[in-house]
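S.K.: Here it is, the structure, as structure tokens.
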Amino acid sequence: MGDSDETRELKITAEILDYTKTDFTPNQRSGAHKQSAQDTKDGVLIGLLRRSKSLYRLGSLSFWMVLFLAIIIPCLSFLVLAISPRLFDQGSQFFTLENFKAVFSGSTLVALTNSLWVASLAALVGIFCALPMAWLFHRSDLPFKKVFSGAIWLVLLIPSWIPAIGWERFVNPDGILFRLHLWSPWQEHLIMGPFGVVLLLGLRNIPFSYLAVSNALAGLGQEFEHSAQVHGASKFQTAKLVVPILFPAILSGLAIGFAEAISDFGVAATLAYTSHFTLATYYVYQQIGNFPPDFPLAAAFSWLLVLAVAIPLYAQAKLSKGRSYQVLSGRTRQPVMRKLSVSTKVAVVLVLCLFYFVAVGIPTIGVVSSSLLSDFGASLHITFANYKAVFTTAGLGAPLERSIEYAAITASITVLVGFVAARKLSKTKGTSAKVLDFILLSSVAIPGIIFAAGYIFAYNLPFLSKIGINLYQTTTLLVIAYIATSLPTNVRMLFGSVSQVADSLSNAARVHGAGAIRSWMRAILPPLSRPIVTAWLLAFTGILLELPVSELLYAPGFPPASIAIQDNLGNYHFGIGMAQTVVATMVAFAVVGTVFILYRLLAPRGWRRIGGILRA
Amino acid sequence: MPESVSIENVSKVYAKSKYALQDVSFELDPGKFLVLLGPSGSGKTTLLRSIAGIEKITKGGIFLSDRCVANEKIHISPNERNLSMVFQDYALWPHLSVLDNVAFAMKRYGLKKDDRQRAAQEVLDKVGLISHINNYPGELSGGEQQRVALARALVGKTGLLLFDEPLSNLDADLRDRLRIEISMLTREMAATSIYITHDQSEAFALADVIGVLESGRLVQMGTPEEIYSSPATPFVARFTGLAGEVCVKVDHCLSDNSAVVRGLTENAKPFIALGNGMSAGQSGRVMVRPAAVQLCAITDEKAHLSAIIKDVAFRGHGYEHAVMLEDGNQFANILSHHKHVRGTKVGLIFNFEGCILFPDTKFDSEVLDLSA
């Protein structure tokens, strides 16, 4: 005798609830309950539930595998190599500190010292410029401040090596200044040396420092000043009291600026290298790129570089907690805009124009003029031959096409994995989230060149070949490395937006009858659509002209755009190299513009509204 | 020494001729506790900030103990006004410890650090935070942070204390406890206090004097009892708590500043409401305080109106009912010891002490003279 309908239903429901105890949502439960009343569908339902749980586990496992293979293994094995060369067949000792001793001598020490003082000065330049800019853009009625603050993104998005080669071409004896008879040797001496390196890295730091301090300034209402004044503080006492509130933000700006400058490879490999001023990141590249490569020394050196980045970043993370003004209240404070006099406005606008001319204008003139002039001589004759060559000569356009392809693939995968990671970080608690957070935070502290060095080392190990993994010198490895380097920043960026989206949004959709996919599409995707698009674009533009990872990992015969450009410059084909740079930059801007226009045209109005609010 | 406060025709105009305050005037005697009550956008925060010196006024004058601190030409800065303030979101300096936050307010007296800190410790002890003196604001709960802000305001023993909705960010239980502390400590200090809120129960609980603001104007000022029993306008009546409103016609006026009125429905019986200036046959509206209405059986001869029970809620000390009158008007917050089931017909009995009559036409802009 079979069970009655009711008993069978109860049994099935109990079985289903057993499955749904932890992971499944009210919608699935109610859906399951309805289904269970129909005998013929019971098995199908349970199967689906089992399958969805298995899929979740599989997805989670794949995610951790990606992190393990793409970030942990390469970086960790490379860094462990410094103290245990024998472990990887790179020496005779299982534990040694000899490599560290070698780092503190000769040219290695010089490169390290150079990097430390240059990065310190660059951080100071960055905060020195960023602080008044942030105040002007957030706390004053400066005209065109939206244009000026928007232009900061331009400085951020252009890879550091482009302004570096732009400046190089600007002050070189056959550059535009020379051809305009405005050149004098001191210009070249000034730029092609430590001053130029500090200037470029400092300018590059401004957006990072700006972003660090502008949030603090924008959120710092006048309550602190008012409360000081009503309790008897003079203007001086008020300033003395309020300025330290900005210290965490200022120190954050300094720490981030220092970390960015010391891990930069673009300036180190171009202007600094041409000026015979060796910086740490380029030194690591040389150790790996030379034959025979000295992996243990490069690894020991990398330790110091990682520490130099990690210590200030850790301090910054500590600073941003605890005594930050942000912990006081979640209320949005309305800062009062300081009215500037007309003469101050004119003066400030002129200074800002000068800043953008130095940061963006001069490099652009340097790059564009070189692309339109012959490589050598004093002629001012303008020619489009270099552009023609880029588009017609076989092999010159291909690297750019390749880079577009790599960037699109990287951006798509990065955003996908980044989204999953951001969601894990914001919605789950416990050890796995802490471990993930630690891995991603640590990865931010690892300069791209060390990532790449780790890849070369780890994926060239003989045992991998033995088990059939032959990724070394393949495009696949390059793209994996691109993803690994883009991921930490991408996750950080998406994390803010993802954590703002309350679970109740999707829960509401689920309890009102939407399935998992529909509730995600209706409740989660709309508010996150703009951050996702922005994250994709940042990853795309970051990879399109990426240099350090490409430099070490590109597959022979298949150079991406940045490598092709460097090759042309190295072979004194300045015009073609610059034309390629201009075209690649234009492509980046065109993609950004097109994607935003498409989003505006295709995304439902509500999506754009929510996205706008989140963005604000 | 507690300060007297005199506000004379103060106006504040923002851009595009938007008036935040319009011709506000009042006098506050030393040592009194004034609560400025009003909805969002009524100008109470602007008025408080103008008294503090954070905002500049456009017109009029502000006098603290006969000293002009603000008019069209003069603007004495906040630090020279000898006052203290508790801010809505605390405004504690995050990089200073609790002790230093409080001690800061003593700097104006040029005391040595030790003396400042001793004074701060005394006040922190009073507000129950002596064990937290070395903590930073970020390490405290919302209620503790507001206590620190209160201690900072009290420590200087200034003549004038200003409170900018200090309890609005706190939960109900904490709000009640802190309200009592504020009341006790400020009175202990005998300082003049001005407190703004949009919560009428908070206002009635704290104030010696209440000022009600509407759209930048001070529409009434008086003791809590005066405001409750004789609201100057329907707005004041509504904002200070009503059970409901009844559309009536005046039957005849009585000699003691009251009138006999009758509801407009068929079975309505006459009842007395306070207020004059109306003549027999005129339409009016009676604003009924919750305490002035009671439920009875529909058959009760004393019932002035009939209604249907729409909702009932148990409140511990009785049942709170919501009813609908025959003319469609709703009444709420009617307390009864007996539970009346939803949908049953009941009678309403009005007590004239909480029934205030206003003319039904343009009543929003008219002010009834209840003092005559």
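Taken in sequence, the protein lines are chains A and B. Numbering of the first sequence is given in this note's numbering, commencing with residue 1 and proceeding in unit increments. Numbering of the second sequence is given in this note's numbering, commencing with residue 1001 and proceeding in unit increments. All C-beta atoms, glycine included, are put in the ideal place defined by N, C-alpha and C.
Taking 6 Å as the limit between beta carbons, can you name the residues of its chain near alanine 584 (chain A), skipping five residues before and five after?
M.R.: To locate residue 584 (chain A), count along the first sequence from 1; it is residue 584. The residues are Leu400, Leu545, Ala561.
S.K.: Determine whether the beta carbon atoms of isoleucine 1062 (chain B) and serine 1077 (chain B) lie at a separation below 9 Å.
M.R.: If you number the second sequence from 1, residue 1062 (chain B) lands on position 62. If you number the second sequence from 1, residue 1077 (chain B) lands on position 77. The answer is no: Cβ separation not under 9 Å.
S.K.: Run down chain B in chain order and give the residues with a C-beta less than 8 Å from the C-beta of alanine 233 (chain A).
M.R.: The residue given as residue 233 (chain A) occupies position 233 in the first sequence. Result: Asn1079, Phe1104, Lys1107, Arg1108.
S.K.: Tell me whether glutamine 500 (chain A) is buried or exposed, calling it buried when 16 or more other Cβ atoms sit within 10 Å of its Cβ.
M.R.: Within the first sequence, the letter at position 500 stands for residue 500 (chain A). Result: exposed.
S.K.: Indicate the three-state DSSP secondary structure (helix, strand or coil) for glutamine 624 (chain A) in the structure shown.
M.R.: With chain A covering only 1 through 616, there is no way to say anything about residue 624 (chain A).
S.K.: Mark histidine 1304 (chain B) as exposed unless 16 or more other C-beta atoms lie within 10 angstroms of its C-beta, in which case mark it buried.
M.R.: Residue numbering aside, residue 1304 (chain B) sits at position 304 when the second sequence is read from its first letter. Buried is the call here.
S.K.: How close, in whole Å, do the beta carbons of valine 390 (chain A) and isoleucine 576 (chain A) come, if the pair is a contact with beta carbons under 8 Å?
M.R.: Against the first sequence, residue 390 (chain A) aligns to sequence position 390. Against the first sequence, residue 576 (chain A) aligns to sequence position 576. Contact holds; Cβ gap of about 7 Å.
S.K.: For the alpha helix (DSSP H) that contains alanine 1119 (chain B), what are its first and last residues?
M.R.: In the second sequence, residue 1119 (chain B) corresponds to position 119, counting from 1. Here the alpha helix (DSSP H) through alanine 1119 (chain B) covers 1113-1126.
S.K.: Any idea what DSSP makes of threonine 364 (chain A), helix, strand or coil?
M.R.: Locating residue 364 (chain A) in the first sequence gives position 364, counting from the first residue. The answer is helix: DSSP assigns threonine 364 (chain A) an H, G or I state.
S.K.: Would you decide whether threonine 281 (chain A) is buried or exposed? Buried here means 16 or more other CB atoms lie within 10 Å of its CB.
M.R.: As a position in the first sequence, residue 281 (chain A) is number 281, starting the count at 1. Counting Cβ neighbours within 10 Å, threonine 281 (chain A) comes out buried, since at least 16 surround it.
S.K.: Is the CB-CB distance between leucine 537 (chain A) and leucine 304 (chain A) below 9 Å?
M.R.: Counted from its first residue, the first sequence places residue 537 (chain A) at position 537. Counted from its first residue, the first sequence places residue 304 (chain A) at position 304. No, the Cβ-Cβ distance between leucine 537 (chain A) and leucine 304 (chain A) is not below 9 Å.
S.K.: Hey, out of B:Ala1103, B:Trp1093, B:Leu1099, B:Val1013, whose CA is closest to leucine 1047 (chain B)'s CA?
M.R.: Here the question's residue 1047 (chain B) lines up with position 47 in the second sequence. The candidate whose alpha carbon is nearest that of leucine 1047 (chain B) is B:Val1013.
S.K.: From tyrosine 661 (chain A) to alanine 261 (chain A), what distance separates their C-alpha atoms?
M.R.: The structure shown does not extend to residue 661 (chain A), since chain A is modelled only from 1 to 616, so the question has no answer here.
S.K.: Do you know offhand how far alanine 516 (chain A)'s Cα is from arginine 522 (chain A)'s?
M.R.: In the first sequence, the residue the question calls residue 516 (chain A) occupies position 516. In the first sequence, the residue the question calls residue 522 (chain A) occupies position 522. In a straight line, the C-alpha of alanine 516 (chain A) is about 10 Å away from that of arginine 522 (chain A).
S.K.: Grab me the residues of leucine 97 (chain A)'s own chain with a C-beta within less than 8 Å of its C-beta, minus the 5 sequence neighbours each way, in chain order.
M.R.: What you label residue 97 (chain A) is simply residue 97 of the first sequence in a count that begins at 1. Ile83.
S.K.: One question on the structure: do isoleucine 250 (chain A) and leucine 131 (chain A) come within less than 9 Å of each other, judged by their Cβ atoms?
M.R.: As a first step, residue 250 (chain A) is located in the first sequence; it is residue number 250 there, counting from the start. As a first step, residue 131 (chain A) is located in the first sequence; it is residue number 131 there, counting from the start. Yes, Cβ-Cβ distance for isoleucine 250 (chain A) and leucine 131 (chain A) is below 9 Å.
S.K.: On a CA-only basis, which of B:Val1288, B:Ala1273, B:Pro1270, B:His1252 is nearest alanine 1280 (chain B)? Give me that one, please.
M.R.: Reading the second sequence from its first residue, position 280 is the one you call residue 1280 (chain B). It is B:His1252.
S.K.: With distance defined between alpha-carbon atoms, name the residue in B:Val1010, B:Phe1087, B:Ser1040 nearest to lysine 1059 (chain B).
M.R.: Residue numbering aside, residue 1059 (chain B) sits at position 59 when the second sequence is read from its first letter. Considering only alpha carbons, the answer is B:Val1010.
S.K.: Under 9 Å between the Cβ atoms of alanine 1292 (chain B) and asparagine 1329 (chain B)?
M.R.: Here residue 1292 (chain B) is taken as the residue at index 292 of the second sequence, counted from 1. Here residue 1329 (chain B) is taken as the residue at index 329 of the second sequence, counted from 1. Taking 9 Å as the Cβ cut-off, alanine 1292 (chain B) and asparagine 1329 (chain B) do not qualify as a contacting pair.
S.K.: What residues from the segment 236-248 of chain A come within 9 Å of chain B, judged by C-beta to C-beta, listed N to C?
M.R.: Hits within the stretch, in order: Gln237, Thr238, Leu241, Val242, Pro244, Ile245, Phe247, Pro248.
S.K.: Taking the CB atoms as reference points, tell me whether arginine 1108 (chain B) and glycine 202 (chain A) lie closer together than 9 Å.
M.R.: For this step, residue 1108 (chain B) is matched to residue 108 along the second sequence. For this step, residue 202 (chain A) is matched to residue 202 along the first sequence. Going by C-beta atoms, arginine 1108 (chain B) is not nearer than 9 Å to glycine 202 (chain A).
S.K.: Is serine 329 (chain A) helix, strand or coil by DSSP?
M.R.: By 1-based counting over the first sequence, the position of residue 329 (chain A) is 329. Unreliable placement is indicated for serine 329 (chain A), whose pLDDT of 36 sits below 50; no coordinate value is reported for it.
S.K.: Please tell me whether serine 209 (chain A) and glycine 150 (chain A) are closer than 9 Å, where the distance is taken between their beta carbons.
M.R.: Along the first sequence, one-based indexing puts residue 209 (chain A) at 209. Along the first sequence, one-based indexing puts residue 150 (chain A) at 150. Not a contact, by the Cβ cut-off of 9 Å.
S.K.: I'd like to know whether the C-beta of leucine 1096 (chain B) is nearer than 9 Å to at least one C-beta of chain A.
M.R.: Here the question's residue 1096 (chain B) lines up with position 96 in the second sequence. For leucine 1096 (chain B), the answer is yes, since a Cβ of chain A falls inside 9 Å of its Cβ.
S.K.: Work out the CA separation of tyrosine 1019 (chain B) and phenylalanine 438 (chain A) for me, nearest whole Å.
M.R.: As a first step, residue 438 (chain A) is located in the first sequence; it is residue number 438 there, counting from the start. As a first step, residue 1019 (chain B) is located in the second sequence; it is residue number 19 there, counting from the start. So the two alpha carbons sit approximately 54 Å from each other.
S.K.: If the criterion is Cβ atoms closer than 9 Å, does the pair glycine 196 (chain A) and valine 367 (chain A) meet it?
M.R.: As a working note, residue 196 (chain A) is residue 196 in the first sequence. As a working note, residue 367 (chain A) is residue 367 in the first sequence. It is not a contact, given that the beta carbons lie outside the stated cut-off.
S.K.: Does the pairing of the segment 109-129 of chain A with the segment 278-297 of chain A give three or more beta-carbon distances under 8 Å?
M.R.: With a cut-off of 8 Å, the segment 278-297 of chain A and the segment 109-129 of chain A count as touching, because enough Cβ pairs lie within range.
S.K.: Go ahead and label aspartate 1066 (chain B) buried or exposed: buried means 16 or more other beta carbons lie within 10 angstroms of its beta carbon, across all protein chains shown.
M.R.: As a working mapping, residue 1066 (chain B) is identified with position 66 in the second sequence. By the neighbour-count rule (16 or more Cβ atoms within 10 Å), aspartate 1066 (chain B) is not buried but exposed.
S.K.: To the nearest angstrom, how far is the alpha carbon of glycine 1053 (chain B) from that of histidine 138 (chain A)?
M.R.: The residue you call residue 1053 (chain B) lines up with position 53 of the second sequence. The residue you call residue 138 (chain A) lines up with position 138 of the first sequence. Approximately 24 Å, taken between the alpha carbons.
S.K.: Could you work out which residues of chain A lie near serine 1381 (chain B), taking near to mean beta carbons separated by less than 7 Å?
M.R.: One cannot answer for residue 1381 (chain B) here, as it falls past the ends of chain B, which runs 1001 to 1372.
S.K.: Exposed or buried, what is glycine 266 (chain A) when buried is set at 16 or more other beta-carbons lying within 10 Å of its beta-carbon?
M.R.: Here residue 266 (chain A) corresponds to residue number 266 of the first sequence, with the count starting at 1. Classification of glycine 266 (chain A): buried, given that the 10 Å Cβ count is 16 or more.
S.K.: Residues of chain B with a CB under 7 Å from the CB of serine 140 (chain A): which are they?
M.R.: As a working mapping, residue 140 (chain A) is identified with position 140 in the first sequence. Within 7 Å Cβ-Cβ: nothing; serine 140 (chain A) doesn't reach chain B, min ~17 Å.
S.K.: With which residues is serine 1283 (chain B) paired in a DSSP beta bridge?
M.R.: Mapped onto the second sequence, residue 1283 (chain B) falls at position 283. DSSP lists B:Lys1249 as partners of serine 1283 (chain B).
S.K.: Could you check which residue in B:Ile1196, B:Glu1326, B:Ile1130 has the C-alpha nearest to that of leucine 1348 (chain B)?
M.R.: On the second sequence, residue 1348 (chain B) is found 348 positions in, with the first residue counted as 1. Answer by Cα proximity: B:Glu1326.
S.K.: Write down every uninterrupted run of the alpha helix (DSSP H) in the segment 1210-1266 of chain B whose length is 4 residues or greater and which is fully enclosed by it, in chain order.
M.R.: Fully enclosed alpha helix (DSSP H) runs of 4 or longer: 1224-1229, 1234-1239.
S.K.: Measure the CB-CB distance between valine 549 (chain A) and alanine 421 (chain A) and report whether it falls below 9 Å.
M.R.: Start at 1 with the first residue of the first sequence, and residue 549 (chain A) comes out as number 549. Start at 1 with the first residue of the first sequence, and residue 421 (chain A) comes out as number 421. It is not a contact, given that the beta carbons lie outside the stated cut-off.
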